[in-house]
Amino acid sequence: MSELKPKLTANHLVFDDNDPQDELVTLNLGPTHPATHGVFQNVLQIDGERIVSGVSTIGYIHRAFEKIAEHRPYYQITPLTDRLNYCSSPINNMGWHMTVEKLLGIEIPKRVQYMRVIVMELARIADHIICNGILGVDTGAFSGFLYVMQEREFIYEIFEEICGARLTTNIGRIGGFERDFNEVAFEKIKAFVKRYPPILTEFEELFNRNRIFIDRTSGVAAVDSETALSYSWSGPLLRATGIDYDVRVHEPYSSYEDFDFDIPVGENGDVYDRYMVRNEEMRQSIRIITQALEKLENEPKGVFHADVPEFYLPPKEMVYNNMEALIYHFKIVMGEIDPPKKEVYHAVEGANGELGFYLISDGGRSPYRLHFRRPSFINYQMYAPMSSGMLLSDAIINMSSLNVIAGELDA
Amino acid sequence: MAKLDHEALLSSLRRQFDGQINELDRTFGLLTIETSKDAIIEVLRYLKTAPELQFIYLTDITAVHYPMNELSMAVVYHVHSLVNQTRIRVKVFLDGDKPQIPSATILWPGANWMERETYDFFGVIFVGHPDLRRILNVDEMDVFPMRKEYPLEDPNRVDKKDFFFGR
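Quick note, the sequences are listed as chains C and L, same order. Numbering follows my numbering, in which position 210 of the first sequence is assigned residue number 210; successive positions increment by one, without gaps. Numbering follows my numbering, in which position 90 of the second sequence is assigned residue number 1090; successive positions increment by one, without gaps.
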């Protein structure tokens, strides 16, 4: 396996000096290719099946979110964050809400924080399901994908019960949730927590000790921790190399410090380790959700938002009958809240790594500047350099295990 | 390990870079300092390598455009000390007409795309960058769209003026 270890070279094609006899083939992998799961273009120079060098072209679905955000009131930016990592939108939504709440100095009740933790961990599971399921497909095993994809459907049903949407959720509001979780939602969450671990075990039994799967993934695209850190990797990819950096532990937000969970780390940083780290993270997420459900029992019922009438929309019947509520409703809808003139950086542990929001407020109705620190964008830049020396088929599963989401890559 | 104390961090930086470090802000527990473009690489190198600091993780590089300021372009670095669980924000203010700053790729290869993105949207030239091309926008583009002089929508449209909405 050692000869497959990627060599890090400059991120550009070397057309002239390394191919005097014109023996190498230039291959366009993407922008639309069934093996790339999204709009990714890589121009590769290949020698037989081995990649000599490559260059990534990104930006095919760039939608200028940062520019649009400078012209929108804060609450209208939430739908933009949906479309970053659309496999785990709730994490992006919550990260954005928490950023604004940090700026406005809103104190969130514990019950809401635990509800947010439940939603975020469900989203993390949904994201890891896709990544690991598709990794199975790319290594030639389709059935595992189908087993877990059904579970993702149950997670989406929970989201649907909570907020009405499934994929681009726009879940929650600045200051809390738009409505309380109903009984059905709680029942579905409890049912999911029960039914998922055995299914995950079944999935793991298909893959963990599978000869073909290990041959295809073990030692492939191995990255050492020093390189991963110097390329600012984060999330499961960094943890697979052995660095235990997780924003949930380093800078706990939304009361993650109240929960007891482990951060799984790998050793070799190869595709197999990333797969194992993600699997274990799903188990830890279930652990967190179970604890959150227990903690919710001890919290006052019916609290689903902070008591901040100047930032949180009042209920509709109040708007019609109460002067204050009408004023606040109007001001909030028109975006006329008074944020302080401050800068805030808030990071959450997205499914792919550290998702950061750098928000500069000049006191106006929309951000003066909003920058997303998108883990996929930063993780993906190593893809082309690390591909050189790899087999083409290994590069494909390397891309699956990086779990680059085109929406997050291009913002 | 405990978080680094802001005072200790500042005095350590000031001792090393006499007169080149300006404290801007420390809201939300995040120390923000300002330095000059001549000192930036040395400041980042010191942050990265000083054994008591160890800001080894480059979280992000971006820029902010302040057209009303004399030095209208700010390049912002977020750096993270994983061992000390501390973040720091470093800002450099540049001349907006000709923003030039040394590239941080010699310290972190991962700065490559972050700087390309900043160049793509703000036109900041990172001197010494190995491959400074546009990254998200098309290569043929001749403006830097995140600068404030470029409006979001077509300025010639008349149906979306603030006037019609009482603003």
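Just so you know, even glycine gets a beta-carbon here, dropped at the ideal spot from N, CA and C.
Proximal residues to residue i (C-beta, below 6 Å), its chain only, five neighbours per side dropped
i	result
I155(C)	L122, A126
I118(C)	I289, A292
V277(C)	P236, R239, A240, P264, G266
S234(C)	G353, E354, P375
A406(C)	G38, V39, I61
V223(C)	T241, G269
H1080(L)	Y1057, T1059, R1087
Partners in chain C for residue i, counting only beta-carbon separations shorter than 7 Å
i	result
M1146(L)	E66, K67
T1062(L)	Y358, H371
E1082(L)	The sequence as given places Leu at residue 1082(L); Glu does not occur at that position. In chain order: Y245.
Chain C contact for residue i (CB, 8 Å cutoff)
i	result
H1129(L)	no
G1096(L)	no
H1006(L)	no
V1043(L)	no
G1110(L)	yes
V1079(L)	no
L1152(L)	yes
L1030(L)	yes
R1089(L)	yes
Cβ-based neighbour list, residue i, same chain, cut-off 8 Å, excluding 5 preceding and 5 following
i	result
V249(C)	Y256, I263
T32(C)	V39
Y1046(L)	L1013, Q1016, F1017, L1053
L341(C)	For the sequence presented, residue 341(C) should be read as Lys rather than Leu. Here the set comprises S361, D362, G363.
E1007(L)	none
Contact list for residue i against chain L, beta-carbon separation under 7 Å
i	result
K342(C)	T1027
H250(C)	Q1085
C-alpha gap between residue i and residue j, whole angstroms
i	j	result
K331(C)	N182(C)	29 Å
R50(C)	D22(C)	15 Å
R83(C)	N92(C)	9 Å
F65(C)	L80(C)	7 Å
G175(C)	Y275(C)	35 Å
T1027(L)	D338(C)	18 Å
F142(C)	G136(C)	6 Å
K316(C)	V193(C)	34 Å
E1115(L)	V55(C)	17 Å
G1019(L)	E1042(L)	14 Å
A395(C)	R209(C)	22 Å
I1125(L)	S1072(L)	14 Å
F304(C)	I162(C)	12 Å
F377(C)	T36(C)	16 Å
Y196(C)	D1131(L)	46 Å
A165(C)	M1068(L)	42 Å
L1135(L)	Q45(C)	Note that residue 1135(L) corresponds to Ile in the displayed sequence, not to Leu. Going from the Cα of I1135(L) to the Cα of Q45(C) covers about 20 Å.
P1051(L)	K1003(L)	15 Å
E226(C)	R179(C)	45 Å
M382(C)	G105(C)	38 Å
I129(C)	D260(C)	22 Å
K190(C)	E107(C)	28 Å
Residue-level contact to chain L via CB, residue i, 8 Å cutoff
i	result
H71(C)	yes
K331(C)	no
Q76(C)	no
K102(C)	yes
E3(C)	Summary for E3(C): the model assigns pLDDT 40, below 50, so the residue's position carries little reliability, and this model does not support an answer.
F177(C)	no
Q381(C)	yes
P6(C)	At P6(C) the pLDDT is 41, less than 50, meaning the model places this residue with poor confidence; the figure from the coordinates comes in the next sentence. Chain L contact via Cβ: absent.
H97(C)	no
Y328(C)	no
I378(C)	yes
Y345(C)	yes
Interface partners of residue i on chain A, CB under 8 Å
i	result
E354(C)	Here chain A cannot be found, since the structure's protein chains are C and L.
Per-residue contacts from residue i into chain L (C-beta, under 8 Å)
i	result
I58(C)	I1135, L1136
D410(C)	L1136
L29(C)	Chain L residues near L29(C): none, gap ~18 Å exceeds 8 Å.
H62(C)	L1136, N1137
Contact set for residue i: own chain, Cβ-Cβ below 7 Å, skip 5 residues either direction
i	result
H71(C)	S366
P73(C)	G335, R365, S366
K1048(L)	F1055, I1056, L1107
Listed by chain order, chain C residues near residue i by CB distance under 9 Å
i	result
I1056(L)	L229, S230
V1124(L)	The premise fails here: V1124(L) is roughly 14 Å from chain C at the closest Cβ pair, so nothing lies under 9 Å.
Does the stretch 253-262 of chain C touch the stretch 394-404 of chain C, meaning 3 or more C-beta pairs lie closer than 8 Å? Counting Cβ pairs under 8 Å, fewer than three are found: no touch.
Pairs of beta-carbons, one from the stretch 99-117 of chain C and one from the stretch 344-360 of chain C, closer than 8 Å: are there three or more? Yes, the stretch 99-117 of chain C touches the stretch 344-360 of chain C.
Mind the definition here: the stretch 1088-1096 of chain L touches the stretch 1105-1120 of chain L only if three or more C-beta pairs lie below 8 Å; say whether that holds. no
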